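Under UniProt numbering, the first residue of the sequence shown carries the number 1, and numbering increases by one thereafter.
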Amino acid sequence: MIIHVVQEGETIYSIADMFGISAERLIQDNQILTPDNLVTGQSIVITFPEQTYSVQEGDTLYNIANAFGISVLQLLRNNPFLSDREFIYPGDTLIISYGDKIRSIQTHGYCNDFINRSILRKTLPYLTYLSIFGYRIIEGGEIEQIDDTDIIAQAYEYNVAPLMFLSTISERGEENFHVDFNILNNEHLMDTLISNILNIIKEKNYYGLNITYRYISAETLQKYELLNTKLTRQLKSEGYPVFITISPNQIRQGDLITFEKIDYSVLGQEADGIMILSYKWGYTYGFPGPITSIDETRKFLDYIITQVPAEKILVGQPLISYDWTLPYTIGVTKANSLTLQSTLVLAQQVGAIIQFDETSQTPYFVYVDQTKSGPTNHVVWFVDSRTINSLLELIDEYNLQGTGIWNIMQYYSQLWLVTNSQYDIESIIY
């Protein structure tokens with residue numbers, strides 16, 4: 001696999017000629033929306049399959065998979081365009097294999113219950129687990145439920161393990177510390193919550209649970225440990241695995257960002273996996289800066305692996321972009337969120353040149369918006385294939401369990417191309 005960064009004057013056709021592949025394939029593989037107007041600094045993923053096959057009259061995905069000794073799911077991973085079509089046709093070129101992989105990893109995808117079902121169907125072949133967002137803890141240890149029966153069933157059809165994802169966060173992203181505080185300080189409410197979780201898991205036929213602990217600090221740690229121990233032991237005694245999603249607590253001192261030193265050993269001992277979602281490095285009301293940071297993630301991994309077995313740790317990948325107006329005012333400036341595809345369209349429309357921050361391994365660009373009140377300066381930070389590849393390299397370097405994608409509400413082809421061409425994606429159910 002090669003990640004090519006577009007240089008000034010290059011076109012999709014000149015790049016295709018450079019690497020001896022078709023422009024059509026580059027466009028399809030990278031989901032390029034403006035192929036005639038590439039952005040200088042844009043990254044393009046180029047892969048070189050080990051084996052391909054030309055579809056013949058009468059072929060089906062099942063007989064092609066059987067002939068080459070692979071699964072239909074592997075065909076779908078290698079050829080994501082198949083998920084958008086009902087039939088295959090003679091002359092279609094299918095990728096059978098990419099050659100030797102670095103290692104096997106587990107992948108978690110996070111989604112809301114209102115995910116576009118076509119996007120879900122296209123993404124499921126790449127997942128080990130699917131965490132379905134929307135279950136919210138409310139007063140008294142009760143849980144707001146969602147209509148997700150069809151998503152759970154579809155996950156199982158693709159050999160993906162569906163996890164109930166539980167938090168106190170609303171769909172608007174609003175947090176409720178009051179509810180967390182009451183449950184953490186009342187063992188009776190803890191027991192009520194655990195009972196309600198089990199009832200939903202059994203009723204909905206979930207494979208297990210993924211719960212986010214949003215307010216872990218030195219002051220609340222022991223209470224979270226108690227809740228987590230009671231929860232994991234009860235669920236695991238009935239055969240349900242439990243994963244934890246955490247985000248390092250940031251401490252900002254000027255331009256320096258560090259994290260609060262918390263002992264995660266007890267939480268890690270009980271859970272089946274701990275997902276580190278570092279989406280707080282860049283967020284709506286935060287300082288303009290990287291969406292995620294390889295450098296800061298590495299520092300946190302160096303810390304947490306002294307407490308939690310590496311094989312239980314998953315590194316998160318936030319798939320989002322933020323557009324800040326400048327100058328930034330604390331508590332006032334609110335960044336607009338964008339999809340990664342619309343970010344590239346914006347860069348093309350404003351004539352931006354994409355820069356790359358080597359420390360965080362994330363791209364950004366600046367532009368000026370002409371408004372009625374005058375020119376407004378903007379900075380846009382996002383992630384691309386280089387960020388994704390750097391995060392995946394951490395999995396191999398630290399021998400981690402895998403990665404979690406926050407979130408899969410949009411299909412981002414470069415993510416799965418980089419991942420699938422280099423790593424085997426594990427299935428734990430068959």
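Backbone N, C-alpha and C define an ideal beta-carbon position, used for all residues, glycine too. Predicted, not measured: the structure shown is a model, and the values here were computed from it.
**Report entry** Short CB-CB distance (under 8 Å) between Q414 and chain B
**Finding:** Looking for chain B here will not work: only one protein chain is present.
Report task. Give me the Cα-Cα distance between L26 and Q222, rounded to the nearest whole angstrom. Result -> Each residue's Cα considered, the two are about 51 Å apart.
**Report entry** N- and C-terminal bounds of the alpha helix (DSSP H) containing G268
**Finding:** S265 to E270
Report task. Would you mind reading off the limits of the alpha helix (DSSP H) that contains R85? Result -> Under the DSSP assignment, R85 falls outside any alpha helix (DSSP H); it carries neither an H nor an E label.
Query raised in the report: For the alpha helix (DSSP H) that contains residue 433, what are its first and last residues?
Result: Because the chain spans 1 through 430 in this model, residue 433 falls outside it and cannot be assessed.
Query raised in the report: If you draw a straight line from the alpha carbon of Y328 to that of T339, how long is it in whole angstroms?
Result: 22 Å
Query raised in the report: When the Cα atoms are used, what is the spatial distance from T325 to Q42?
Result: Whole-angstrom Cα-Cα distance: 22 Å.
**Report entry** D384 to E50 span [Cα, whole Å]
**Finding:** 25 Å
Query raised in the report: Are the Cβ atoms of T107 and T403 separated by less than 8 Å?
Result: yes
Report task. Go ahead and label S337 buried or exposed: buried means 16 or more other beta carbons lie within 10 angstroms of its beta carbon, across all protein chains shown. Result -> exposed
Query raised in the report: Do D272 and V242 have their C-beta atoms closer together than 8 Å?
Result: yes
**Report entry** Completely contained beta strand (DSSP E) runs for the UniProt domain "LysM" (51 to 96), where each covers 3 or more residues
**Finding:** 51 to 54
Requested in this report: Classify Q401 as helix, strand or coil using the three-state DSSP reduction.
Outcome: Three-state DSSP puts Q401 in coil, outside helix and strand.
Query raised in the report: Measuring CB to CB, does I274 end up less than 8 Å from I313?
Result: yes
**Report entry** Beta-ladder partner(s) of G109, from DSSP
**Finding:** L130 and I405
Query raised in the report: CB-CB under 6 Å to I405, same chain, minus the five flanking residues each way: which ones, in chain order?
Result: G109 and Q317
Query - Assumed close pair I146, P162 - CB separation to whole angstroms, cut-off 8 Å - result: Rounded, the Cβ-Cβ distance is 12 Å, inconsistent with contact.
**Report entry** Residue range of the unbroken alpha helix (DSSP H) whose run includes T229
**Finding:** Residues L221 to S237.
Query raised in the report: What residues are listed by DSSP as bridge partners for H4?
Result: I44, per the DSSP bridge assignment.
**Report entry** C-alpha distance - G331 paired with P35, whole-angstrom precision
**Finding:** 39 Å
Requested in this report: Determine the closest residue to Y240 out of S265, K204 and V266, with distance taken between C-alpha atoms.
Outcome: K204
Requested in this report: Inspect the CB distances between the segment 43 to 62 and the segment 97 to 107 and report whether three or more fall short of 8 Å.
Outcome: yes
Requested in this report: Under 8 Å by Cβ, that's how I've got Y322 and A310 pegged, so tell me the actual separation to the nearest angstrom.
Outcome: Between A310 and Y322 the Cβ distance is about 30 Å, and since that is not below 8 Å, they are no contact.
Query raised in the report: Among N63, S360, V6 and E219, which residue has its Cα nearest to the Cα of V39?
Result: The shortest C-alpha to C-alpha distance from V39 to any of N63, S360, V6 and E219 is the one to V6.
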